[in-house]
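J.: Quick one: the structure is below, questions incoming.
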Amino acid sequence: MALIIPARNEAPRLSHVLDIVTSDQAALFDEIIVVDDGSTDATQEVAHEFPQVRVVAIRDGRPGKGKALRAGWERSMADIVVTCDADLGSLQHEQLSRLVWTLTSQRQLRLTKAAYGNSADDSGRVTELTAKPLLEVFFPSCADLQSPLSGEMAFYRDDAISLDLPDDYGIDIAILLELAQRYGRSAIAEVPFGMKDHPHQPLSSLGIQSRQVIRALLERVERLQIDAQEPIPESLITQLL
Numbered sequence: 006m007a008l009i010i011p012a013r014n015e016a017p018r019l020s021h022v023l024d025i026v027t028s029d030q031a032a033l034f035d036e037i038i039v040v041d042d043g044s045t046d047a048t049q050e051v052a053h054e055f056p057q058v059r060v061v062a063i064r065d066g067r068p069g070k071g072k073a074l075r076a077g078w079e080r081s082m083a084d085i086v087v088t089c090d091a092d093l094g095s096l097q098h099e100q101l102s103r104l105v106w107t108l109t110s111q112r113q114l115r116l117t118k119a120a121y122g123n124s125a126d127d128s129g130r131v132t133e134l135t136a137k138p139l140l141e142v143f144f145p146s147c148a149d150l151q152s153p154l155s156g157e158m159a160f161y162r163d164d165a166i167s168l169d170l171p172d173d174y175g176i177d178i179a180i181l182l183e184l185a186q187r188y189g190r191s192a193i194a195e196v197p198f199g200m201k202d203h204p205h206q207p208l209s210s211l212g213i214q215s216r217q218v219i220r221a222l223l224e225r226v227e228r229l230q231i232d233a234q235e236p237i238p239e240s241l242i243t244q245l246l
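Basically this note's numbering = 1-based index in the sequence shown + 5.
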């Protein structure tokens, strides 16, 4: 089993995540891979402080979360891939274990995702204002998901390497929609992770993330030839605009 942690300029926060995942006495992960996605701070140096961690460095000048995650699982031979954001200050030992246990204990599941209890004001503005309204319109079977953009996931590597995924922040929603289309909504489960503690992003960064999520979602609408089954409610139009 492999844990993939994409990291770009996360030196102040990465050590907490690595402290948690490397101190697990149950040795849940055979591989822990940090993908340093063009960091200009000491992210790579922090990762090298942990002997259990393998570091993959991307230095092509074109950073992207999707590209970083793929670089991680393509270098792994594990059957199950777990992903975790590098800035997750609220991460606890048992949370990633529950993701894996839920995935492997139910044969129909192909993807498990963390579900967070934060309000949109505290966390998840892109989720509430971008992802959820679009899911309601185009992918209503997935509209019940609490945290469709959560970066903490577990899935099978065979699925991951067979998907055509974006290089950027849209990868989280793309994995969700691709696997929902392939296996059905019943193949996806959320695992409660409590409240999420991570740095707030400035609106400029959130705007970039929102556009990437919209692009990834609408590309799958076009690719899968999905039509909105009902007229778009006025409330959704207001949110999208």
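Ideal Cβ placement from N, Cα and C applies to all residues, glycine included. Bear in mind that the values here come from a model prediction, so they are computed numbers and not experimental data.
Should residue 187 go down as buried or exposed, given a rule of 16 or more other Cβ atoms within 10 Å for buried?
T.: Flag for residue 187 reads exposed.
J.: Between which two residues does the beta strand (DSSP E) harbouring residue 41 extend?
T.: Taken as a continuous stretch (DSSP letters only), the beta strand (DSSP E) holding residue 41 covers 36-42.
J.: Just to confirm, is the Cβ distance from residue 88 to residue 195 under 8 Å?
T.: No, Cβ-Cβ distance for residue 88 and residue 195 is not below 8 Å.
J.: Excluding five sequence neighbours on each side, which residues of the same chain lie with their C-beta closer than 8 Å to the C-beta of residue 147?
T.: Answer for residue 147: 140, 153, 181, 182, 185, 190, 193, listed in chain order.
J.: Among 99, 161, 215, whose alpha-carbon lies nearest the alpha-carbon of residue 134?
T.: Residue 134 has its Cα closest to that of 215, out of 99, 161, 215.
J.: Applying the 10 Å Cβ sphere with the 16-neighbour rule, what's the burial state of residue 81?
T.: Answer is buried; the Cβ neighbour count reaches 16.
J.: If we count the other Cβ atoms within 10 Å of its Cβ and call it buried at 16 or more, is residue 104 buried or exposed?
T.: By the 10 Å Cβ count, residue 104 comes out buried.
J.: CB residue 229 to CB residue 160, shorter than 8 Å?
T.: No; because the gap between Cβ atoms is not below 8 Å, this pair is not in contact.
J.: Is the beta carbon of residue 19 closer than 8 Å to that of residue 101?
T.: No. Outside cutoff.
J.: So, for residue 27: in the same chain, excluding its five sequence neighbours on each side, which residues have a beta-carbon less than 6 Å away from its beta-carbon?
T.: Closer than 6 Å at Cβ, skipping near neighbours: 55, 57.
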